[in-house]
Every structure is written in structure tokens, then in C-alpha cells.
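Some notes on the structure that comes next.
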Amino acid sequence: MSSSRVIKSFRQLLNESKEQSRRRVVIEQIISAMSLGVNLSPLFADMVKAAQTTDLVQKKMIYLYICKYAEENKELLILSTGTFQRDCQSQDPLVRGLSLRSMSSLMNKELVEYMAREIKKGLMDRSNYVRRIAVLATVKLFRVSPELVLGTEIEKKLYSMIAEVDPYVSINSVVALNEILASKGGISITQKIIIHLLKRFHEFTHWGQSIVLGLVANYAPQSEQECLQILNLLDNYLKSGNTSVILAVSKVFINLINDLPNLRNQIYDRIKNPLITLVSCTGNEMAYPVLKHIYLIATQLPNLFASEASRFFIKGSDPTYLQEIKIDILCEIVNKQNFKQIIFALASYVINSSLNEQISSYCIRAIGKIASQLSSYFDMVIDYLMEFIELDIPHIVEASMIILKDVIRLFPEQSLEIVLPELKRLSEIIHTEEAKVSLIWILGEFGEKIDEGPYILEKFVETFSEESSEKIKLELLTSVLKMFFKRPPESKKMLGVILHEATENSNEPDVIDRGLFYYRLISTDINKTKSIVLYEKEKFTRFTENDPLELFEILMDEFNTFSVVYKKPYDQFKRILHKNEEEEEEEEEDSSTDSSSFSEEELLDQIQQNVNDLDINQQNQNQQNSQEEQEIELVPKFNLEPSEFQNKWMNSSHNLNFDFELDEELDKESFEEILKENNFQVMASGLIQSTIKIFCYGKDISSNQIGLFQLLITGVNVKLNAKGTNPQFLKLFAEYIATVLTE
Amino acid sequence: MISGILFINELGKVLISRIYRQDITISFIDQFKIKVLAAKKTTNPIKHVEGTTFCFRRIGSFFIVAVTKKNINAALVFEFLNTIIEIFKGYFGEKFNENTIRTNFSLVYELLDEIIDFGYPQTTETDILKLYITRENQRQTKKSKESVKQISIKATGVIGWRQEGLKYSRNEVFLDIVENLHFLVSNSGKFLKSDVFGEIIMKSRLSGMPDCKLGLNDKVLLDKRSGGKRTKMKNTRGGNTPIVIDDVTFHQCVKLSKFDTDRSISFVPPDGEFQCASYRVTENVKKPFKVIPIVKERGAITVDVKVTVISLFSENLFAKNTVVRIPTPPNTAECVITTQTGKAKYDPQINCIVWSIKRFQGKEELSLSAEVNLIRGKQSVWSRPPISLDFTIPSYTSSGLRVRYLKVVEKSITEVVKWVRYLCVSKGTFQVRI
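Here the protein sequences come in this chain order: A and B.
Its first residue numbered 1, the first sequence is counted upward by one per residue in UniProt numbering.
Its first residue numbered 1, the second sequence is counted upward by one per residue in UniProt numbering.
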């Protein structure tokens, strides 16, 4: 089944169907095939011809089609202008609007003159439906040729249209001007405009209200009285049923604080309750950005929400992302009054088996953070941590041990009293890597204070040769050396043993290195070694660097945008955009633009046979299941012609992206060598700036599946794009490549 | 603004992609598949990939995704996605799915074109959309002059949510006050958390442009009425006991300025069903049930459980489909349960004794006792999660909120039939610590 046959049959159907109802069905079929990803571009001329229908439903679909394939049929586009123009004269405002919207959406340079003429007419149209479409069309015109809009009568007209009675036209004019004048900082906000918009605020839809509020937030009121007026007027809208409006009002209020500093607390009090209600009354998705905003406010005004701690307690039904942000908020709003309540809640989440591991570790970290904020309660925190360790649940022990270590670093004198007597017992019950590392660190740092300190370490040294974790070995080396300087008689022997083991019997280069380094240090100058190992540590009081006040201020300026959600000023994530646009352009030739994960062939069959898609998916899944156990082994000498490779690359039905990291950086030649050793054939390779790009392919022996790959390697980061006919195999292939390269 | 709206199924197949602004390419959509669908961890609903933001919501087996390159207001995007879903429900039924989308491609595109233009939301009121979406009136080959005129008037209308010229022979209003309880009670019966989330849902079939006025037993209002003096209210009628509403939000149609000046809720309602208001009450709320749990660990392998549930509401009322879930330790082997009323059994999947009572009369006391036998040897700590209750109590509100009056003023209406219903609901959100 080829696509040309489908096009042929569609063309035939279009020409043969004279009856309107039948034509409508045919066009519907075309639109549905288009949505599924079949390229129906060759039908362009036929569709333009069909556009001369009086049936609005058909017309809408045809215009949708024209907009989709206009790029590929530039030379035929001029054919359609006649239809567009005729429709712009239609009696029916719906047709006029549709035509104007579609024509302007083409954003085509060739049509710019027609576009400008119809838009000017549209701005004067007697129907407000057409006018509001014309207003937004001016932005599209501006994108194609700015000189036709900027500083012209259109710009003036738009300003005057803000005053129109129709709320949609009014709002769209604001929006259009804001976008057209973006380079000059957007629409010039005068007192007159603001007063006008606020006066009729209730007429606007929620979307319109959000836009107006955006303007008001940027407006600098001229007097304190004006500030108060705005405050009073918008206060009602904190009761709006729309989250977006409530957040936008909050933003206006926060901005007004600069003008009314003495009302600061009252203003925050006003927005507090609506925000809290939003958290529980909206869906999970909506609650997420709202919580992020509460978090931002809480970082600076912890007491505002302190009495409402229970609202941020997590529910078992909350998705992980909500649980995490709620815990973050709890950490911020903790104070002497709610401390017990919050710690108790966090502790109960840790041991609640219905919550996932990620959250219980997160809670333990939160408890540690709270300890660093409220030092007077650290002993309670330590009690909880000790309790968690007793539970002997690996991930809890791991997280608790790390936090315990941090708490000891913060309050050594007080906390050691509680922890030191327990060290021996802890050393017997702890099994996981990070937990052991923390314990060994504590022993090295403070172990001399208890009698059995060196002997606990010695126990670890005894099993040094069997230890598989490099981290533990390294920590142990350091701790033993520290102990040696503090309790030489008991530690001398074990230092000898461990240095010998590390330098003679280890396989890990880092361990050998550190062993040798210590050995040489000691043999050169023992006193200097002591001063190096037991240097005087500075005292510190907090771990987390507080977010600088500046960041908070920038984020408050960008309140009610993604900046708050990402906790980054817009500048930081905007820049990535430009960098990537360049990259994208470079890559455009290589990466297939086919977004559909099904091949055209499959799709055509699908349409023709009217096969339900779900069946196909199920089949795929069945196949996948049967192949799950297989492993990849490549045919040693398998060759593809460059043209064959290209052909397959363009037409593969499945596409898989896979990112992984290498253990170390390699150059282009070594990559190619590794690939060749493993029977991958390299098609082409090159170096673009610091990125290595390799095209290669391979064929699996048992299944005869062919996989095609593009590798983009920057430093240790590898982006793999794999193509082939079977998704399950692609995954195997990709994983295989990853293991080959990382090993 | 919004650059495009996508419908993508779980397998990463794009069902619908409507791109409004040319700042994103179709191929970039693949990033959504890689970063969200293929991701091992469930990500949050706002995903940033190289300067582009995907905001998404899952509906059944597919995702509806808004893509944008601008730094815009996330809440607006989600409100908009929710609105799209509501509109689609109106057109395709409550349970629209992939297949509905697939069989209605062109209608979906038509809708997506009317509700958003160049990335800016436009008309999203279902009532008004019907004027633009011609498919609905397929039977009329030529649109009547009347409706063309309507399109022009419509958009001018200050009242964007209601069509003019509606006529009903029987004018009816249904008010539903539904309260969802989020309670956490300590084992001694003390409130740890007492949130009542209520909504007032109105369903109306009214002619013309009716002005409605709704009166509640809101404390602020009633205090105001009595001239700010704290005169003692007569407690003869329940509706006059004033209650304190912590926070309230209204549908767009409610005149907020009026609410602010005299606390009256007046509005011209949209035709059909809509949520008029939602509110939150935390003070002086009533518990419909008192739960007395006794859990004793007898030795290492047995736990004795006795739970008594007492209904505190009037004996004229009853709770429907009450379910009490009593958690047991994770290493439970079996439970020997005795109870007089309802059905009870141990559900090993959720580690709970599930006790269901079809009809729970007011002022009644029921109890259940069980002997829980544990598997020996497995020594894990039991976190003792709370007991949770499901129930629905008709004609009861926990906050005590009552509708005092509903006035409908419209010259063409002579008589309005009004119905008010109250409902108190918990879906596992009424919890009692043990």
C-alpha cells in the first residue's frame, strides 16, 4: 500500500462526490488521515478547488488542511488567495472570520499584501466576531513584516479598539499591542487605559482578567490613593473561582507593597487564605504551581503560614511532586510553636510504609534541615534519627546516618553525648554503604573520645580486604590515620595493616593512591602529617546556603510565571532556549521530522483497513513480551551502502532517544575503535565544535534486526538516537551500545 | 502564550497536534515523549526542556499537553486545560477517550480553533461555542438570520455565559450543597484537622435573563444585618444559626462587588448546571460520627481491636454506604471478626479490616471487634495509620450551612420550583488516629 495510491483514491473520491454530505465525509477522512501523520500534501490543488463550497463545516476542514500544507506548496498557495478573498466578503460573519484567521495564520510573505488589506477591512468589520479575529491577525502580520504594523494606522487603531464595548475585541487589542511592542517593553500603560480596563473588569472572561491583571502589575500608580483604590477594587477577585485570576491578583498586591510598605502585613494576610484554599480545592496539577508560590512567600515570611502547618501535611493520595513541595514548605514555616507538630508528622511519614522510599528519605533530610534551623530542639531530632536507625530498613538507615553525621557536625559537643555511647551498637547493625561511610567518618573524627573507639575501627579494618566498596575503603583509610594521631598506641598496628592492604592488595587505583600518599607523608614528616590530617576545622552553623535575597526579589518580580516553579529567574532558562535553537538548526538535516512513531506504511494500511489502533498496539506489546529475554549479538561483517543507510534512516518506523553518561572522556578515534570491535559499522563521523557525532549501524544475529544510530557525544554525555523497525529491539540495541561504550 | 495543544497517548503517539504559533516544531514534541513519557520517575506536571515548557494533565489513557516558549502563568495554562476538558466532556460525554478523539478529529480541531486564537484563549463558554460550532446545527442547512444576529450580539454581551432568549415552560432551580469532610481526629476524639470543603452547585432551567439572589446563614451577613451589634440569634430555626466561612470563591457570574458591600450573592446564572460557589469552613464544624478505637497488642503475635462508631446526627437521618477501614499490621495472617451489623472482612491488599454498613441510622451505636493474628518472626514496626471512613449523609451539613432563601427575579417568569439538597461526603478523608 503506497501513499500515492491513497492520494489517488482520495483525489478520485473528491472529484466524484458531488453530494455535499458525501463530500463532507471524504474531507473528514482526509483530515483524519492527516492527523495520523500521512503526508497528503499532493492533494493541495484539489483541496483548494474544493474550498469553494458553501458548507461551513467543509470549509473549516479545508482551511485547516491548507494551513498545514502551505509550506510545502508555496507555488500553489497563490491559487487559494481568490477563495480567501471571496470568503472575506461573505455575508456570514463566521465565514469572514474563518477566512481571515486562516489566511493570516499562513504567515506567508507572498500573501502579505492581501493579508494587510483584509486585516484593515476586518478591523472595521461590523461583526465583533470578525473584529476580534482581525485584531489578533495584526500580530501575525507583524511577524511577517513589522513595518506594515509598527507606527502605522493599524497601531493607532488598536489603541482605540481597547475602548470597544466588546470585551473580546478589547482584550485582544491589549494582547496584540503588547506583543507588537514587545521590544519597547510592551503596550504603553497609561492611567487612562488602566482605569478603563479596571472599570469594566467584571465583563471580561477569566482569561481576559488575567491579562488585564498582568498589565496592572506592571503599572506604577501615581498616588497612594490610587494604590488603595486598586487594592479595594481587586480585593473581591481574590474570591474568583479561577486560580489564574487569584494568583494574578496576588501578584498585583505584592507589587503594590512597594508603594504601601506599611500595609505589607495586611496585604500578605489578605492573600494567604485564598492561596491555602486553592491548594486543597484544585486538582493536583494546579496545586503544584500554587504550592510553589506559597513556598516562595514562605521562604521570606515563614510566620505567615506557621499557624497553618497542618494544611501542608501530606496525603497518601498526593503524587510525589506534591509531597515533596509540601515537605519543603513545612521546613520553611517551622517555628517554636509548631515544631513538635511538624517533626511528629515528618517522623510518621518516614515510618509509614504506604509512602514510597523517596519520600521517607526526603523527610529524614527535612528533619535534619529543621534541626539546623532550630538548634534548641536538636536532641529531639537525634532521638528520632536513632530510632529510625534501629528500624533496620536499608534506605531509612542510610538517610538517617547521613543526617546524623551532619547534625553532629553542627552541634558536636551536645550531640556526641547522646551518640557516642551508641556507636558500638550502631556499628553492628549498619549494613549499607553510605551509612557505613558516615559512621566511619564519625569514628575518625570523634572516636577517640570513647574507650572502644579504635577497636570499632579495627573491626572494619579486619574486613578491609573483603570490602567491595571503594568509598568505604577510602573513608576508612582517612579515619584510621586520624585515629592514629589521637590514640597512637592502640592504632599503630591497624594503620600498618591498612596501609599494607591498601597499597599491596587493592585493585582500586584511588585506594592505592591514597594509601601511597599517606605512607609517603608519614615517612617524610610525621608532625606535618599530623597538622594536615587533624587541621583545625572552622565552626559553621548552617549547611544549606540560604537563597540570596536578590534571587527572592527577582522571583517576586516574576511572580505568577514559570520562574517561580523552576526557582530560577527567567533569564536563566531563557538563555538555554537561544543556545538550543542554534543547535536545532544544525541538527535539522539529520533528525527526521517525522514525529509519529508509526511508519507511513502502517498508517496507510490502518486507514485503508479501518483497523483499530489499539489492536496494533496490543500486537506490538505481545511481540515485545516474547522478545524480552533476548540479548544482542551483532553480525561481524554486515555492510550497508550509504544510500541504503540514508533510506533506512529516513524511513524507519521507530525512533528511540537514549541519554547516558560515560565514565571518562574519549576521543573520536577511540569511539570508532570500540564500536568496530563490537561489530558496529561506522557510517560517518565528524566533530562539530566540541561535540563528536557518529552515525553507525549493526545487525543482530539471531533476529536479523537492523539498528541505525546517531551518537552525539559532548564530554561524558552521550545522546543516542536509534532507529529501526522494532521498538523493543531498539531498546536492547541502545542499552547494548551504552554498555559497550561505558565498559 | 500557548504555542500549541497536543493530545498524546501513553505510547507516545500524537493524536492531535494543533500548533498556533510557529515558534515550536512538530519534531520538538518528541522531547515530551523522551522527558515525560519515557522517564522512569513520575515527573511533576510542568516540565521544562531546553527553553520550552510542557504543562500536562492525564486523562485516562492519554495526556493533554500545552506547549509554550514564553514565561507565562502556569495556573492559567492549567485552568485552560481544565476548561478544554470540560468543553470536551460537554461535546463528547463524560467519558471521552482516545477513540472518541479519533472518530471526531475534525470537530476537535474546530473546537480547538474557536477556543484559542494565536495562543490566546478566547470563548470558552460552551453555550456560546455552540453558536460558532456549526456541526451541532447540522440539520439546519442554512443558519437562520436570528442566529447570525446572535453571534454579533453575543460577543458584545456583558453577560458572556448566558444565551439570550431562553424559554422554558416549567421554571426550575436545583441547589445542591455538597460538603467534603477532611477531618483528622485523635484517638481521644480531639480535632487535629477539621476542614470542610463545600460547594454550591446550581442547576437551573429558567427563561430569560433571571436575576438570582441567594441567602446563606453566613455570620458576617447576619451580624451586619443586626447592625453590628452582637444580639443573640434565636435558635428556633436551624437556618438562622450563623456560621463562619473561612474562605469562599464564586463563579464568574456572581457580582463580587455586591458581595463585598452587603454580602449578598446575586447573579444571572448560566443555563444548566454550574458550580456557583465553593467554600471552606474550619471552625465549629460538627462531627457526624464519633469513633472509639481500642487497639491492644497482646504479646508478639496478637492484636485485639475494638472499634465503636456512634452516629451523632439526628435519628431522622441516615448515612449511606458507610465503610470503615481499620488498618492492621503489615504482617497480619488472619483476622477473626465479630460484628452485629454490616459486613466485615480483612482485605490483605490494603492491610485493613473493611467494615461496610449500608444504612447507618442517626443516633445509633455500632461496634466491631476483631482478633488479629500476626505472622511470627517478621519484626517490622507498625506505623499505625489512621482509621478512615467513607460515607454519604443526605440532608446533613457538617458546617451547618443552610440556604435561607433563593430569589429569582425575571419578568417573564411567574413561578419557579426550587429544590435544595444537602449532602455530606467523606471518601476516606474522615480519619481517626489509633
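Beta carbons: idealized from backbone N, C-alpha and C, even for Gly.
In the DSSP assignment, the alpha helix (DSSP H) including residue i goes from what residue to what residue?
i, result
"residue 476 (chain A)", "470-486"
"residue 60 (chain A)", "56-69"
"residue 286 (chain A)", "284-300"
"residue 331 (chain A)", "320-333"
"residue 137 (chain A)", "128-144"
"residue 251 (chain A)", "243-257"
"residue 304 (chain B)", "Element bounds for residue 304 (chain B): not the alpha helix (DSSP H) but the beta strand (DSSP E), 302-311."
"residue 275 (chain B)", "Element bounds for residue 275 (chain B): not the alpha helix (DSSP H) but the beta strand (DSSP E), 272-281."
Where do the ends of the beta strand (DSSP E) carrying residue i lie?
i, result
"residue 419 (chain B)", "416-432"
"residue 182 (chain B)", "171-185"
"residue 265 (chain B)", "265-267"
"residue 227 (chain A)", "Counting along the chain, residue 227 (chain A) falls outside any beta strand (DSSP E), though it belongs to the alpha helix (DSSP H) covering 224-235."
"residue 281 (chain A)", "It is not in any beta strand (DSSP E) - residue 281 (chain A) instead sits in the alpha helix (DSSP H) that spans 264-281."
What's the gap between the Cα of residue i and the Cα of residue j?
i, j, result
"residue 108 (chain A)", "residue 144 (chain A)", "7 Å"
"residue 133 (chain B)", "residue 162 (chain B)", "16 Å"
"residue 231 (chain A)", "residue 253 (chain A)", "7 Å"
"residue 112 (chain B)", "residue 369 (chain A)", "47 Å"
"residue 61 (chain B)", "residue 102 (chain B)", "13 Å"
"residue 232 (chain B)", "residue 322 (chain B)", "The predicted position of residue 232 (chain B) is uncertain, since its pLDDT is 41 and thus under 50; a value taken from the coordinates is nonetheless stated next. When rounded, the distance between both Cα atoms is 37 Å."
"residue 10 (chain A)", "residue 36 (chain A)", "15 Å"
"residue 229 (chain A)", "residue 344 (chain A)", "45 Å"
"residue 85 (chain A)", "residue 88 (chain B)", "32 Å"
"residue 431 (chain B)", "residue 283 (chain A)", "21 Å"
"residue 536 (chain A)", "residue 530 (chain A)", "11 Å"
"residue 40 (chain A)", "residue 700 (chain A)", "35 Å"
"residue 577 (chain A)", "residue 309 (chain B)", "Summary for residue 577 (chain A): the model assigns pLDDT 45, below 50, so the residue's position carries little reliability; its value from the coordinates is reported in the next sentence. Rounded to whole angstroms, residue 577 (chain A) to residue 309 (chain B) spans 60 Å at the Cα level."
"residue 126 (chain A)", "residue 158 (chain A)", "16 Å"
"residue 229 (chain B)", "residue 262 (chain B)", "Note that residue 229 (chain B) scores 42 on pLDDT, short of 50, meaning its location in the model is unreliable and no value can be drawn from it."
"residue 585 (chain A)", "residue 688 (chain A)", "At residue 585 (chain A) the pLDDT is 40, less than 50, meaning the model places this residue with poor confidence; the figure from the coordinates comes in the next sentence. Straight-line Cα distance between these residues: approximately 13 Å."
"residue 327 (chain A)", "residue 333 (chain A)", "10 Å"
Using the beta-carbon of each residue, which ones in chain A are nearer than 9 Å to residue i?
i, result
"residue 75 (chain B)", "210, 242, 243, 244, 245, 246, 247, 248, 278, 282, 286, 289, 290, 293, 560"
"residue 374 (chain B)", "Correct list: empty, because the minimum Cβ distance to chain A is about 15 Å."
Just the chain A side, please: which residues come within less than 7 Å of residue i by C-beta, in chain order?
i, result
"residue 16 (chain B)", "35"
"residue 110 (chain B)", "60"
"residue 122 (chain B)", "168"
"residue 34 (chain B)", "657"
"residue 321 (chain B)", "The contacting residues do not exist; residue 321 (chain B) stays about 19 Å from chain A at best."
"residue 106 (chain B)", "28, 31, 61"
Listing by chain order, which chain B residues have their CB less than 9 Å from the CB of residue i?
i, result
"residue 565 (chain A)", "44, 46, 48, 53, 74"
"residue 570 (chain A)", "71"
"residue 237 (chain A)", "256"
Less than 8 Å between the CB of residue i and some heavy atom of the ligand MG, yes or no?
i, result
"residue 696 (chain A)", "The ligand content of the structure shown is nil, which means the ligand MG is not present either."
List the residues of chain B whose Cβ lies closer than 8 Å to the Cβ of residue i, in chain order.
i, result
"residue 649 (chain A)", "Per Cβ cutoff of 8 Å: no residues; residue 649 (chain A) is ~14 Å from chain B at best."
Residues of chain A with CB closer than 8 Å to the CB of residue i, please, in chain order.
i, result
"residue 79 (chain B)", "206, 242, 243, 244, 286"
"residue 192 (chain B)", "310"
Closer than 7 Å by beta-carbon distance: list the chain B residues that pair up with residue i, in chain order.
i, result
"residue 136 (chain A)", "117, 118, 120"
- Task: Report yes or no: do the region 678-688 of chain A and the region 650-662 of chain A share at least 3 C-beta pairs separated by less than 8 Å?
- Result: no
- Query: Going along the chain, which unbroken runs of the alpha helix (DSSP H) with 4 or more residues stay wholly within the region 648-734 of chain A?
  - Reply: 668-677
- Query: Between the region 384-395 of chain B and the region 324-337 of chain B, do at least 3 Cβ pairs fall closer than 8 Å?
  - Reply: yes
- Taking only runs that begin and end inside the region 429-462 of chain A, name each unbroken alpha helix (DSSP H) of 4 or more residues, in chain order. The alpha helix (DSSP H) runs of length 4 or more contained entirely in the region 429-462 of chain A are, from start to end of the chain, 433-446, 453-462.
- Counting Cβ pairs closer than 8 Å, one from the region 424-441 of chain A and one from the region 383-402 of chain A, do we hit at least three? yes
- Message: Closer than 8 Å is the cut-off here; do at least three beta carbon pairs connect the region 355-372 of chain A with the region 401-414 of chain A?
- Response: yes
- Task: Would you check if there are 3 or more beta carbon pairs closer than 8 Å linking the region 366-375 of chain B to the region 410-423 of chain B?
- Result: no
- Every unbroken beta strand (DSSP E) within the region 20-72 of chain B, with a cutoff of 3 residues, ordered by chain: 46-49, 52-59, 62-68
- Message: Please give the ranges of any beta strand (DSSP E) in the region 332-379 of chain B, keeping only runs that are unbroken, at least 3 residues long and fully inside the region.
- Response: Listed in chain order, the complete beta strand (DSSP E) runs (minimum 3 residues) inside the region 332-379 of chain B are 332-339, 343-347, 352-361, 365-374.
- Which residues, in chain order, does the region 245-261 of chain B contribute to contact with chain D at a C-beta distance below 8 Å? Absent from the structure: chain D. Protein chains present are A and B.
- Item | the region 280-294 of chain B in contact with the region 239-248 of chain B per 3-pair CB rule at 8 Å | yes
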